[in-house]
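Trainee: Quick one: the structure is below, and I'll ask about it shortly.
Numbering (mature numbering (1 follows the signal peptide of the UniProt record, and there is no 0)), first residue to last: -27 to -1, 1 to 789.
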């Protein structure tokens, strides 16, 4: 899409509005059963052609759009996790509306004539923080917290599971198929074979689910074939299903493993997770899976067992890990009984955090687009759609038009201050007193950053001074003395650090005096696999400076859930940011001018308006073909935006600070600016502006977190890559003075009068990705293969798929 001198115009998505469908059919005679190794709905065989989508990774205003696109791809079923930590963020604090409106999401799926396969946990993995468990399970402030054995029959753990499911399942019960809803199947736990067996635990969950949902619901488990005996109960408790990617298993072996666990004639061929792509970790190349092999295996599954094979695409649409909810992996080859070493360190010690994007190289992108924008390759959406039409001999509705994304241009971030300067805005007062430092969970915090402050004698900081923190930090620490950086600690590094030379300079300047030491720790994401809590912050109470234990701390939890109180000084800035290598200069944003008038349309605006009108016509034509009810006229849509109005001045900073060389800005630093939307860009009929992507690549930024109008978009880390952009849903935007706030933690930019970010119309996953990740996974897989071969065992998988994805993690190791 072209870019003009003003903001680029994009299609306003979501124009179509559905008319109400008929209510659910009478509940009598509604059945969903398994007979002769086939799914049977209301007495007729049915093949599930499903796709995974996570409501908590999508702005609620866009749920319908994504489901419509899945429908047009040919899917008849939606598979969705329920994330415990989304619905009970604090003990006993249950939330069921907005982003947490799981009932509304399920009802919307039914409105669009989908069946629903629900996966309510309590553990979900999903590359989601702590695998969906709430962070507070690890807090000693909770009964059994940090002591309970999660994913076991430990009563301390089950008490909390019972409370959560006791709230969730009664809400779900009216939505089961037998009760008139769309839910045909419910999963128990998730890939428990990796950590099982524990029959008392699994039986407890099954009994609790049956007591709430009834005996007629089809319950199932999901596991890789290699560990299915440890994750399923067998018999009539539930039926076992398998998950794998294209080429990982011969279908007869995979489905045979499930059949061996199921009752006779009660084992439909169902791959409950068939991977359309793969997740991505910071520092690894973005996965680019084989299209040909994927489509080939997709067709094989559909044709399996005389054309009755059922499948769930994981993912159909991936979405985004907004906020602090990205997951992580701690590589652990020993979990599978294998010893493998890389240099002097065991592979299990290495921690990988997921990128914020959960695009997954799925057929429907974060923004609802087709054709894998940002990573490329043949169009999976079209390939899947064509395969389904050929297999089912049905004609599918035309897919919604591609969403057009707006490149809103550059924004000058002229208001700047360090986190230390802003500490009083974020956490007024002297902090929480603590004799020794504790993990952030002990201070009632689930994510973000946490600052530990203590007083040390300057003499202790002389040359060679060493800070020891007892255990790895979780996950990265900035060490500052008197506001100056003296060192860093990283989870993948050691437990100690020799402080930088500046510490000795401070020691000499303050010889014999007390000085302030701050340790600021970032919590990047909890490990979403395994059995431990992955506590965050300083996780060991013993902190030594040389041989002196540091006692008496003031602790400042910084979840950044509300940044409204931040008042940042304005750095002197040019009225027009310099041209970047990516494109020409753009007009100064609202923050740099007294007013930011949208002004009268220019020739470029007229051309842009013609583009958007053409897009509207395309949307409306599609909606009319689908019989989706009345839509506003073009005139009404354009009248909704007042093109003659002007945006008022952006909120000012707290005074001003010249961008002089002696300006002291060290440690994590806030950068803020404002963006107003050109009059040539129109909102849709619901008042939502088009989506965009925030580009923080190009070497300008290293690592941090970004906010739009107070909404946490998630972590960015272009220094490692692969992601150079963050997805920005249009419903977060407004016409005037959109606040753009970055907390940059990875560089020492200091006061920067030219600090800018750019809103672009395409995602970018081409970042450096030069980290240890790829070598590390090679080591794991090669080590396991070597071990197996030494034992005279041949791996039952096609290793070429590993080479194509470049990343397999625990699944691949388990299969090997």
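Yeah, the Cβ is synthetic: ideal placement off N, Cα and C, and Gly gets one too. Computed from a predicted structure; not experimentally measured.
If you pair each beta-carbon of the stretch 356 to 368 with each one of the stretch 683 to 701, do three or more pairs fall below 8 Å?
Mentor: At 8 Å Cβ cutoff, the stretches do not touch.
Trainee: Would DSSP call residue 358 helix, strand or coil?
Mentor: The DSSP-derived three-state label of residue 358 is helix.
Trainee: Report, in whole angstroms, the separation of the C-beta atoms of residue 111 and residue 105, which I expect to be a contact under 8 Å.
Mentor: About 14 Å; that fails the 8 Å criterion.
Trainee: Can you tell which of 193, 731, 397, 704 has its C-alpha closest to the C-alpha of residue 715?
Mentor: 731
Trainee: In three-state DSSP terms, what is residue 646?
Mentor: strand
Trainee: Report yes if the CB atom of residue 639 is closer than 8 Å to the CB atom of residue 427, and no otherwise.
Mentor: no
Trainee: Could you tell me the alpha carbon to alpha carbon distance between residue 218 and residue 285, rounded to whole angstroms?
Mentor: 11 Å
Trainee: Report the option in 126, 439, 466, 455 whose CA atom is closest to the CA atom of residue 519.
Mentor: 439
Trainee: Distance, Cα to Cα, residue 460 vs residue 445?
Mentor: 15 Å
Trainee: May I ask you to list the residues that DSSP assigns as paired with residue 383?
Mentor: 731
Trainee: Extract the residue ranges of the beta strand (DSSP E) inside the stretch 688 to 732, only unbroken runs of 3 or more that lie entirely within it.
Mentor: 698 to 701, 711 to 717
Trainee: So within the stretch 53 to 111, which uninterrupted beta strand (DSSP E) runs reach at least 3 residues, ignoring any that extend past its ends?
Mentor: 88 to 92
Trainee: Per DSSP, which one or two residues make a beta bridge with residue 195?
Mentor: 214
Trainee: DSSP state of residue 680, grouped into three classes?
Mentor: Strand, per DSSP.
Trainee: With distance defined between alpha-carbon atoms, name the residue in 280, 250, 254 nearest to residue 290.
Mentor: 250
Trainee: Take the Cβ of residue 81 as the centre, count every other Cβ of all protein chains shown within 10 Å, and call the residue buried at 16 or more, exposed below.
Mentor: Counting Cβ neighbours within 10 Å, residue 81 comes out buried, since at least 16 surround it.
Trainee: Which residues in the same chain as residue 232 place their Cβ atom closer than 7 Å to its Cβ, once the five residues preceding and following it in sequence are excluded?
Mentor: Counting only residues of its own chain and dropping the five nearest sequence neighbours on each side, residue 232 has a CB closer than 7 Å to the CB of 240.
Trainee: With DSSP run on the structure shown, which of helix, strand or coil describes residue 37?
Mentor: helix
Trainee: Use the C-beta contact count for residue 764: other C-beta atoms within 10 angstroms, 16 or more gives buried, fewer gives exposed.
Mentor: Caution applies to residue 764, whose pLDDT of 43 falls short of 50 and renders its modelled position unreliable; the value that the coordinates give is listed next. It is exposed - the Cβ of residue 764 has fewer than 16 other Cβ atoms within 10 Å.
Trainee: Any idea if residue 538 is buried or exposed, counting beta-carbon neighbours within 10 angstroms, 16 or more meaning buried?
Mentor: exposed
Trainee: Can you tell me whether residue 311 is helix, strand or coil according to DSSP?
Mentor: Note that residue 311 scores a pLDDT of 33, beneath 50, so its modelled location is shaky; the value from the coordinates is reported in the next line. It is coil, neither helix nor strand.
Trainee: May I ask which residues mark the beginning and end of the beta strand (DSSP E) holding residue 5?
Mentor: First-last of the beta strand (DSSP E) with residue 5: 5 to 8.
Trainee: Provide the residue span of the beta strand (DSSP E) that contains residue 447, from first to last.
Mentor: Taken as a continuous stretch (DSSP letters only), residue 447 belongs to no beta strand (DSSP E), as it is neither H nor E.
Trainee: Can you give me the start and stop residues for the alpha helix (DSSP H) that residue 136 sits inside?
Mentor: 128 to 145
Trainee: Check this for me: beta carbons of residue 496 and residue 420, under 8 Å apart or not?
Mentor: Yes, these two residues count as a Cβ contact at 8 Å.
Trainee: Here's a check: name, in chain order, each residue in its chain whose Cβ is nearer than 7 Å to the Cβ of residue 71, leaving out the five neighbours to either side.
Mentor: 33
Trainee: Mind checking whether residue 196 and residue 166 have CB atoms under 8 Å apart?
Mentor: yes
Trainee: Tell me whether residue 704 is buried or exposed, calling it buried when 16 or more other Cβ atoms sit within 10 Å of its Cβ.
Mentor: buried
Trainee: Residue 58 and residue 108 - do their beta-carbons sit closer together than 8 Å?
Mentor: Note that the C-beta distance between residue 108 and residue 58 is below 8 Å.
Trainee: Could you have a look at residue 201 and say whether DSSP puts it in helix, strand or coil?
Mentor: helix
Trainee: I want to know whether the stretch 524 to 536 touches the stretch 463 to 470 - three or more CB-CB distances under 8 Å.
Mentor: no
Trainee: Looking at the secondary structure, which residues open and close the beta strand (DSSP E) in which residue 224 lies?
Mentor: First-last for residue 224: 224 to 232, but that is the alpha helix (DSSP H), not the beta strand (DSSP E).
Trainee: Work out the CA separation of residue 729 and residue 524 for me, nearest whole Å.
Mentor: 41 Å
Trainee: Please determine whether the Cβ atom of residue 259 lies at a distance below 7 Å from any heavy atom of the ligand ADP.
Mentor: No copy of the ligand ADP appears in this structure; indeed no ligand is present at all.
Trainee: Can you name, in chain order, every residue of its own chain whose Cβ lies under 8 Å from the Cβ of residue 207, other than the five neighbours on each side?
Mentor: 213, 234, 235
Trainee: For residue 113, does the count of other Cβ atoms within 10 angstroms reach 16, so buried, or fall short, so exposed?
Mentor: exposed
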